[in-house]
Amino acid sequence: MAADERLFFLLQSAAHRLRVEGDRRCLAAGGVTTAQLGALLAVHDQPGLTQRELAAELGQRESAITAMTGRLIEAGLIVRQPHPEQHRALVLDLTAEGNATIARLRPVIESFNRELHALLGDAFGPTSEALRYLAGWPG
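Residue numbers are given in the UniProt record's numbering: position 101 of the sequence shown equals residue 101, and the series is strictly consecutive.
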């Protein structure tokens, strides 16, 4: 089988291995998974995000985000507060511990990204751009 015929499988396999390794490192250093870190970073970058907006930002179903935010609330990393304009809506904000968790994990993620850059070498720039494109590709 030609390599191009296996491209989708190879991308899936690589994504799985990277997620497992990223989760291992993030759990060890900060007690959260890479998906949870993604949620924390989104709330950090856009304070006052609703769960619906967070789901859209992360490309996840709202039910998955509801479960994830519940775990992050239980861990003391985020809080839900009343929306300032919509009486039935709630917004998400980081706690001090949520900010501290991001700070602890930034060096871990930066190190992981440096390792990937070293592995991919000169292909890193074009590969990064291609993956960014695919992440937003409508299919």
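All C-beta atoms, glycine included, are put in the ideal place defined by N, C-alpha and C. Fair warning: this is a prediction, and the values are worked out from it, not measured in the lab.
Pick out whichever of the options has its Cα sitting closest to the Cα of residue i.
i, options, result
"residue 141", "L49, R104, T34", "This structure leaves residue 141 out entirely; the chain is present only between 1 and 139."
"L94", "A42, G59, D122", "A42"
"N99", "L40, L7, E85, Y133", "L40"
"H16", "S111, G76, G30, T34", "T34"
"A28", "R88, Q46, R104", "R104"
"R52", "G136, T69, G22", "T69"
"E74", "P47, A135, Q36", "Q36"
"G76", "A96, G125, H117", "A96"
"F112", "E62, D4, R24, A89", "R24"
For residue i, report the span of its alpha helix (DSSP H) as first-last.
i, result
"D45", "34–45"
"R19", "7–30"
"E85", "Run containing E85: none; DSSP gives neither H nor E here."
"R71", "62–74"
By the DSSP assignment, the beta strand (DSSP E) with residue i in it spans what residues?
i, result
"L92", "90–94"
"R52", "Careful: R52 lies outside any beta strand (DSSP E), inside the alpha helix (DSSP H) at 51–58."
Just to check my reading of the structure: residue i and residue j have Cβ atoms closer than 8 Å, yes? What is that Cβ distance to the nearest angstrom?
i, j, result
"I65", "L58", "7 Å"
"I78", "L92", "5 Å"
With DSSP as the reference, identify every bridge partner of residue i, one or two as the case may be.
i, result
"V79", "D93"
In chain order, what residues of the same chain have a beta carbon less than 7 Å from the beta carbon of residue i, not counting five sequence neighbours either side?
i, result
"A135", "none"
"R19", "T34"
Return the chain-ordered list of same chain residues with a C-beta closer than 8 Å to the C-beta of residue i, the five sequence neighbours on each side being excluded.
i, result
"R106", "none"
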